[in-house]
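Peer 1: Here it is: the structure, laid out below.
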């Protein structure tokens, strides 16, 4: 029997506010433990939460970008449980009245476009961090993260393959980065993803029993975990077994998922509206004001690049996958008018180097001006395309201008016909055997001579001139 | 001169004229505390050094400058013990002041102590305190009411000039009634809850407990107002409440709810309250019979909502960060269980269990959601009534003070002593209790006046008028 998977993703995105969701403590990552806390985020007796308006602004912005319907009346709820890293022993979240609902996001997989529904978006506070490692006498708790604002984005179970799941998360990340509401750093936990997954025979309408997978902290882990879990569930069903509804943890080192808790052990969170916070009333004016601040989103930008710069859809897709990269591209294209050439260099050399160094476009030392002037040097014939790659790498490393590098290293192209002719004469004189071969009809040997000329000039000879002069000389020898 | 006997406004005049100094007032009050606190156990902590230090540092000029005020021990004072009368917080010193504490200090008040209460303000007798019960100054065999029984007792016994209490279901008004003094629960949102250790957040409200109505207005002037640290705090134009004390009540429409004068109401209480209604009527107020049809459901509704919120609010007391922690435990869960098991008293445990049950899946709709609907109906009862009347008058409590221990084993009976006060909290309305007479055992009787949201002025106007008529405020308990 053939099975298909049904997957829904729950993504937690940490919002890029300066202060926490219910107090004015800083949200900065990586500070000394418990230095960014106050009585409010420590949940001390008598203190009260007050909602940070910027958190709601960012969530509305995201809701608009994900085509959600924003609820005019949202309410915070308490989710009650005992956890040592959550000092109040309840989490303030949203439950029956989330900020927004019924949205969607579009993904491209294998050239096909697919709409993935968004069930809801709500906001909540993060918990702290328990520290068990490198601790001698028990466990420690760092509450710096407590009260950091999170946005939970819950998808419909519209995802059917691990590739689609990855594409969804990639596209979502891209949108959040465009909106500048989340830095989407999965290693630091500012973007976290849980998956609900079940399998069913192809053609069956009812969902199978689902499991929830947590702890997938990278895009490749998400894909691997889903691939593993689908196989695990299908194997069980094919052996006549039954899937147990439970929460499972992904273990990247073993490449497997393991049971964390079963449905029977599931918590009764005893949700109820938080009486300390007044309802969030979002009126049309608020929404309209935020609409005005919405940036151009990835899909729009991609279409504009195709029409404005005349580059292929593929190129536009690659470049707009990062807002910072797209912005950089536009700066270069504004100075240098062959937009396709710019996209070739961005997608080829630039992305290759960034990937090798695991760096972001924001780290780049090459200014758009220098990028453009490098391309102009090629056009002017000052350097060859091949030399340009060397220059580019040098620019990438130290941020110097291409002119500086070309001069320092003496990389300027040799276009003096007399000089080139002299070198060719020498090469031909030194390689009489190959000359004979050529004259004997083996014209391929011409390439060898070009190589020798380049070697003699350290690649600086103008290849067009070399070819032209070489051909003239060889023809002349033939006709002698 | 027995300065401790004075009211805020009397001291104000003496201090302003330079006839006395804040040190003398404080000394007088501290001596009185020493004299009577052994009998009534109204204070958990006497802040002698703190108060003296305040005066030494120089008091800000303000409406309370030099006046000793006591504060219920569930209101935070920076670095001072705030125990909530619970073992679980027996050593807790908050690193912050409550909003009302800041307002008192800015107004020049001298904070002289933290008063006893039912643990976490849960109770109607101040018997449920880790620090022992408070006794009623009018008869030390009797309970002072609760949960602000400590504040009521110390004001009544002149062991401070005025006090703050907190009122979740009647916790200011019922003890004010039992102890023969004035207690007011302001409109929900008029006084910041920042720094009040929560019992039931949607019902809790801090209020003044004073020797007379003028003091009540003066203290309300100081503690009310918007606070950005409390999201339920409201911005409103605060009048000078003392301006409302004109003695004039002509034309005020007074509602008498039939539901509050039926079965279970003690006859002596009923008679005293009726006398008050006659005073109003004979001085030109218009008496109108009204109905608050959902009154019967108020107590049940209250005990579901209040305990649900309490079960959640009290979850933070787990022994991890502050307060009491069990001596021995084998793991985290065991530590939670033992800490809470040893740290909370019986009544608090009862309410945590009730609230946990009411919120648990499968019961939420039957209890919590239903109670929220009933709360709406009760609010609507008031809205309808206030279309026709300006104030509503009722007895504060169906009986006068009961004996300590009398209802301790019968929680349901105990819960019914708040039957006339609870609806007001569910509606978020302001209400006041003033003494209106004594029963045959010489125990005080309380008269409750309820008004519209943020109409504390009309409330105080009627209270002041009646206080003059009842003419019992100068009578002192036999201590």
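Protein chains in written order, with this note's numbering: chain W, 144 to 623; chain V, 1112 to 1590.
Each residue gets a CB set at the ideal place from its N, CA and C atoms; glycine is no exception.
Counting only beta-carbon separations shorter than 8 Å, does residue 1308 of chain V have a partner in chain W?
Peer 2: yes
Peer 1: Which of helix, strand or coil does DSSP assign to residue 283 of chain W?
Peer 2: strand
Peer 1: Under 7 Å Cβ-Cβ, which residues of chain C neighbour residue 233 of chain W?
Peer 2: Here the protein chains are W and V, and chain C is not one of them.
Peer 1: Does any residue of chain W have a CB that is nearer than 8 Å to the CB of residue 1412 of chain V?
Peer 2: no
Peer 1: Name the residue from V/1544, V/1571, V/1445 whose alpha carbon lies nearest to the alpha carbon of residue 1358 of chain V.
Peer 2: V/1571
Peer 1: Roughly how many angstroms lie between the CA atoms of residue 1569 of chain V and residue 1501 of chain V, to the nearest whole one?
Peer 2: 8 Å
Peer 1: Is the beta carbon of residue 1119 of chain V sitting closer than 8 Å to the one on residue 1272 of chain V?
Peer 2: yes
Peer 1: Which of helix, strand or coil does DSSP assign to residue 1510 of chain V?
Peer 2: Coil, per DSSP.
Peer 1: Going along the chain, which unbroken runs of the alpha helix (DSSP H) with 4 or more residues stay wholly within the stretch 1122-1187 of chain V?
Peer 2: 1133-1151, 1159-1168
Peer 1: Does the CB of residue 189 of chain W have a neighbour CB from chain V at under 8 Å?
Peer 2: yes
Peer 1: Closest by CA to residue 453 of chain W, which one among W/504, W/464, W/576, W/481?
Peer 2: Cα-wise, what sits closest to residue 453 of chain W is W/481.
Peer 1: When the cut-off is 8 Å and only beta carbons count, does residue 1420 of chain V lie next to chain W?
Peer 2: yes
Peer 1: Just to make sure I have the definition right: I need the residues of chain W whose C-beta is within less than 7 Å of the C-beta of residue 1472 of chain V. Which are they?
Peer 2: 411
Peer 1: Can you check whether the C-beta of residue 1479 of chain V is within less than 8 Å of a C-beta belonging to chain W?
Peer 2: Chain W contact via Cβ: present.
Peer 1: Where residue 250 of chain W and residue 222 of chain W are concerned, what is the direct C-alpha to C-alpha distance, given to the nearest angstrom?
Peer 2: 33 Å
Peer 1: Near residue 316 of chain W, what residues of its chain come up, given a Cβ to Cβ distance below 7 Å and the 5 sequence neighbours on each side ignored?
Peer 2: By the criterion of a C-beta distance shorter than 7 Å, residue 316 of chain W is surrounded in its chain by 327, 334, once the five residues flanking it on both sides are discounted.
Peer 1: Under the three-state reduction of DSSP, which class applies to residue 416 of chain W: helix, strand or coil?
Peer 2: strand
Peer 1: Give me the chain W residues within the contact set of residue 1313 of chain V, using Cβ-Cβ distance strictly less than 7 Å, ordered along the chain.
Peer 2: 418
Peer 1: What three-state label does DSSP hand residue 1283 of chain V in the structure shown?
Peer 2: Coil.
Peer 1: Would you be able to state if there are at least three C-beta pairs under 8 Å between the stretch 1476-1493 of chain V and the stretch 1321-1340 of chain V?
Peer 2: no
Peer 1: Suppose only complete runs of 3+ residues qualify. What are the beta strand (DSSP E) ranges in the stretch 1395-1455 of chain V, listed by chain order?
Peer 2: 1397-1401
Peer 1: Quick one: list the residues of chain V neighbouring residue 217 of chain W, beta-carbon separation under 9 Å, in chain order.
Peer 2: The contacting residues do not exist; residue 217 of chain W stays about 14 Å from chain V at best.
Peer 1: Decide if the stretch 1249-1258 of chain V is in contact with the stretch 1230-1241 of chain V; the criterion is three or more beta carbon pairs, one per stretch, under 8 Å apart.
Peer 2: yes
Peer 1: In angstroms with no decimal places, state the Cα-to-Cα distance between residue 1345 of chain V and residue 1301 of chain V.
Peer 2: Their backbone Cα atoms lie some 6 Å apart in a straight line.
Peer 1: In angstroms with no decimal places, state the Cα-to-Cα distance between residue 364 of chain W and residue 395 of chain W.
Peer 2: Distance between the alpha carbons of residue 364 of chain W and residue 395 of chain W: 7 Å.
Peer 1: Taking a cut of 8 Å between CB atoms, which residues from the stretch 1321-1344 of chain V lie near chain W?
Peer 2: 1339, 1340, 1341, 1342, 1343
Peer 1: Using a Cβ-Cβ cut-off of less than 9 Å, list which residues of the stretch 198-230 of chain W approach chain V; keep chain order.
Peer 2: 221, 223, 224, 225, 227, 230
Peer 1: What are the boundary residues of the alpha helix (DSSP H) that residue 494 of chain W is part of?
Peer 2: 494-500
Peer 1: Examine chain W for any beta-carbon lying closer than 8 Å to the beta-carbon of residue 1225 of chain V, and answer yes or no.
Peer 2: So no, residue 1225 of chain V is outside the interface.
Peer 1: Please list, in chain order, the residues of the stretch 1524-1539 of chain V that have any C-beta partner in chain W closer than 9 Å.
Peer 2: none
Peer 1: Please report the straight-line C-alpha distance between residue 1328 of chain V and residue 414 of chain W, rounded to a whole angstrom.
Peer 2: 39 Å
Peer 1: Bridge partners of residue 259 of chain W, per DSSP?
Peer 2: W/248
Peer 1: Listed from N- to C-terminal order along the chain, which residues in the stretch 236-259 of chain W have their beta-carbon within a distance smaller than 9 Å of any beta-carbon of chain V?
Peer 2: none
Peer 1: Three-state secondary structure (DSSP) at residue 342 of chain W?
Peer 2: Three-state DSSP puts residue 342 of chain W in a strand.
Peer 1: Tell me, please, whether the CB atom of residue 455 of chain W is closer than 8 Å to any CB atom in chain V?
Peer 2: No, residue 455 of chain W lies away from the interface with chain V (no Cβ there is under 8 Å from its Cβ).
Peer 1: Ordered along the chain, which non-local residues of its own chain (more than five positions away) have a Cβ less than 7 Å from that of residue 1150 of chain V?
Peer 2: 1246, 1251, 1590
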